[in-house]
Structure formats: structure tokens, C-alpha cells
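Residue numbers (the working numbering), protein chains in the order written: chain A, 110 to 325; chain B, 110 to 325.
C-beta: ideal position from N, C-alpha, C; glycine also.
Structure first, commentary second.
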């Protein structure tokens, strides 16, 4: 499964983009910075809950609902969510993406967030030309790790799942991609153990630069 | 949809049982008490992710994985998780459950956690005789809010979904139950807004005592 894929599909939030600067936005509105991980896990929880029970909502709407559950008013909700568009990529990402392109691999992004936000950030970083398309789950109306989300992305890329690799820092995303027939690459920037309850990643690397080297 | 149900199925964690005392266990092992909600949201996120992508693991295993991701060693993981069995029910629960039984309603519990843990807590509180069975998602091997989890519970109760009500403090659980044809009752102990992205509850009450009064 270490064979070089034809297509690489990147998860976006935390995988390409560093979300830590959002902590300051939480503190701006009177929350604790420690509530950032609670918020993000809760947004994913609720997005997955809708997908598993037959429903769909976009990330920003669920993100707002969870912030309202943390007792924020509309203006404060907007302040936190508007921070998403200003985030930056992790330092290893530009080299890693360029290295994959130089190896002839086609690149896509597929996020549970917003494709437009992804495109805006990649454009500002000078990386948008490296990707063929920025995709999100509003197309399939199913959040990753549902099979339909991966099938949507590989379908738009015009390849079969076995020709594509999903790259993510989130084990559930690697697990779901592998279940859908893609290969899975786990980026382990923080050096934490991969969960026993999910299928082991086909590839693991400490960052995107190191992962790209495995596929050269 | 306010008609008295034949069967009430209770969610357990946070709905019947107060999880807040677990904060002290987090602090015992060097984490912040604010990491309790992050942990619980992350456990649900990962359980739902497995359910949505075709997998299954029990709550305690996912709970341990998430704690290891918070950099706890095995002994510290055990210390936190062993706290689950010692939790108590919310103060409104005994009166509420007895009132529902006096109204002739049959009671069940159905948890993404452990049926054995539920039974142990209810026994200690003198409430176990009020329920016909304590159920969990290891039966259907699908976490709520998957339809299969509710169908399993109503099937064991021997009723059709429309004769049953699911009671929970979690909007995703109310949403999923309603999608599966049960009626949904939302307990809003904290007074937070119900998310716009989920189907509105058929009934809302501030606690179980107040809910039981609606069905007398």
C-alpha cells in the first residue's frame, strides 16, 4: 500500500491548516482557550451524528450552534467563525505539497468545512495552483468518514479508490478512507498513539514533507 | 406527539447520570477539569465515526484511546475510567422515574456506554427495579443516533417505534430517535438553545420530574 498514488486527497482542518490561532478568538469572546478543542470535537460529533442518522448541515452552521451552546451571542459567534478564513497552513505544508506535485501526483482537498474557505487560504499562501479542486461535503451531503464522501472525491478526480490516498491527522478520517478503498496516510505531528479501535494507517509520517519523501 | 408513550427509553450519560464528578479524576491525573467535556465530545465523535464508516468499538475502549491521545499512561487511564461506575443520578431522576412508572409507562435505558455500568449505578440508587432492561449499543453494534440502535431497543421492548419515546439531554440523540420514528423528549437542564441543524424535539422539559408531569 506504499505505492505512489495517482491522486492525493488532503483533509484540511488541522491537516493542512493550523487551527491553534483560533484560541485567541475564543479568549476574545470570554471563553477559555481550552474550549477550542471541545468546540472542534463537538462540531465533528454533531456533523457525524447528522450523517449517521440521515441529515446534513454545513460546518459553519453546526459550528455556530455549538458556540451558541457555549452561551455566545450572535456577534461573538461571528467573531470566532470569521477567524477560520484567516488561518495559515502548517510550516511543512508548502514544501510537502510542491514535492508531491513534482512527483507527478495530482492533488485535491476534501473538507468537512468549506471549500471556499480552503481555496481562500491556499490562494493567500500561494498554494492554490497546486491543487486541481478544493472539495467539501456539501457535494455528497455526507461528512467524512462516510463512504459517500470519499466516493464523491475520487469520482470527481476520475480515479478508482485504490488509485487515491487520503492524508489526514485525524484517525477517523484515515479509517474511513481505508474502509472506502483508498489508501490512508496518517500525519502524526503531535506524536500521539493511533487509536486501537480504528484500522491502522497504511502509512504514517511525522509531517507532509516526510510523507512526500516516502512517495518520491 | 405529546401523547403518553407506552415505553420510555432513557439515554444514560448526562441524561440520567451526572458526569461532572469525573472532573476530579481528570485533575487527579494531571489534566485540566476543562478536558472532561473535550474527552466526552471526542469519545462520541469517534464512536459516531466508527458507526458511520462501518466499524464498532465499545465506549470504554474508545474512552481509553482518547485518554491516551491526551498523553495519559495506562494506570491514569484506568483511574479516570473507573470513575464512571461511581457516578450518581441527577437529583430529579428518582422522582421522575417513579412518577413515570406510576403512570403505567414501561422504562428502559439505552446507552452508548455500558449496560452493566448503568445497572450498577441504578441498583445503588434503588432505581434498578423500575426499569425492565438496561441496554447498550453492543447489541446492535451501532451507536446512537444510528437507526439500528433505536430499532434494537424498541424491538427488545416489543413495541413499534411510534409507541416509544427517547429521553435525552443530547440533541443528536433526540434527532436520531425522531428520525427512527420514536417520539423525542429533550431534557434541557442547563437552559441552552437547541441546535437549528437538528429536528426540533417533540417535547422539551427542564428536567425529568417536569417531563413526567407532562405525561401523567
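- Nearest Cα to residue 229 of chain B within the set B:156, B:272, B:194, B:134: B:194.
- Residue 157 of chain A sits close to residue 154 of chain B, with the two beta carbons spaced by under 8 angstroms.
- Using a Cβ-Cβ cut-off of 7 angstroms, residue 153 of chain B is close to 154 of chain A, given in chain order.
- Secondary structure of residue 214 of chain A (DSSP, three-state): coil.
- Residue 223 of chain B counts as buried, since no fewer than 16 other beta carbons sit within 10 angstroms of its beta carbon.
- Listed along the chain, the chain A residues whose CB falls inside 7 angstroms of the CB of residue 147 of chain B are 146, 147, 150.
- The beta carbon of residue 140 of chain A sits closer than 7 angstroms to the beta carbons of 179 from its chain, once the five residues preceding and following it are set aside; these are given in chain order.
- Note on residue 283 of chain A: 16 or more other CB atoms within 10 angstroms of its CB, so buried under the neighbour-count rule.
- Taking 8 angstroms as the threshold, the shortest C-beta distance from residue 275 of chain A to chain B does not fall below it.
- The beta carbon of residue 175 of chain A lies closer than 6 angstroms to those of 148, 151, 152 in the same chain, with the five residues before and after it left out.
- Note on geometry: alpha-carbon atoms of residue 226 of chain B and residue 173 of chain B lie some 16 angstroms from one another.
- Contacts between residue 288 of chain B and chain A, judged by CB atoms closer than 8 angstroms, involve 162, 163, 164 in chain order.
- Distance from residue 288 of chain B to residue 316 of chain B at the Cβ level is roughly 25 angstroms; contact not present, criterion being Cβ atoms closer than 8 angstroms.
- Residue B:220 holds the alpha-carbon nearest to the alpha-carbon of residue 245 of chain B among B:285, B:264, B:220, B:207.
- Across the structure, residue 296 of chain A and residue 137 of chain A are spaced so that their CA atoms are roughly 30 angstroms apart.
- Residues of the stretch 181–197 of chain B with a Cβ closer than 7 angstroms to any Cβ of chain A: none.
- Inclusion of residue 237 of chain A and residue 206 of chain A in the CB contact set at 8 angstroms is not warranted, their separation being larger than that value.
- Excluding the 5 residues flanking it on each side, residue 160 of chain A has same chain C-beta neighbours closer than 7 angstroms at 251, 252, 255, in chain order.
- Rounded to the nearest angstrom, the gap between the Cα atoms of residue 129 of chain A and residue 121 of chain A is 14 angstroms.
- Beta-bridge analysis with DSSP links residue 197 of chain B to B:127.
- Taken through DSSP and simplified to helix, strand or coil, residue 295 of chain B comes out as strand.
- Taken atom to atom, the span from the alpha-carbon of residue 270 of chain A to that of residue 260 of chain B is near 33 angstroms.
- Closer than 8 angstroms to the CB of residue 220 of chain A there is not a single CB belonging to chain B.
- It is roughly 37 angstroms from the alpha-carbon of residue 188 of chain A to the alpha-carbon of residue 320 of chain B.
- Using a Cβ distance threshold of 8 angstroms, residue 291 of chain A and residue 275 of chain A count as a contacting pair.
- Taking 9 angstroms as the cut-off between beta carbons, the residues of the stretch 252–263 of chain B near chain A are 252, 253, 254, 255, 256, in sequence order.
- With fewer than 16 other CB atoms across the displayed protein chains lying within 10 angstroms of its CB, residue 302 of chain B is exposed.
- Only residues of its own chain outside the window of five on either side were considered, and among them 198 have a CB closer than 6 angstroms to the CB of residue 234 of chain B, listed in chain order.
- Listed along chain A, the residues sitting closer than 8 angstroms to residue 301 of chain B by beta-carbon distance are 177, 178, 180.
- Relative to the Cα of residue 263 of chain A, the nearest Cα in the group A:294, A:218, A:300 belongs to A:218.
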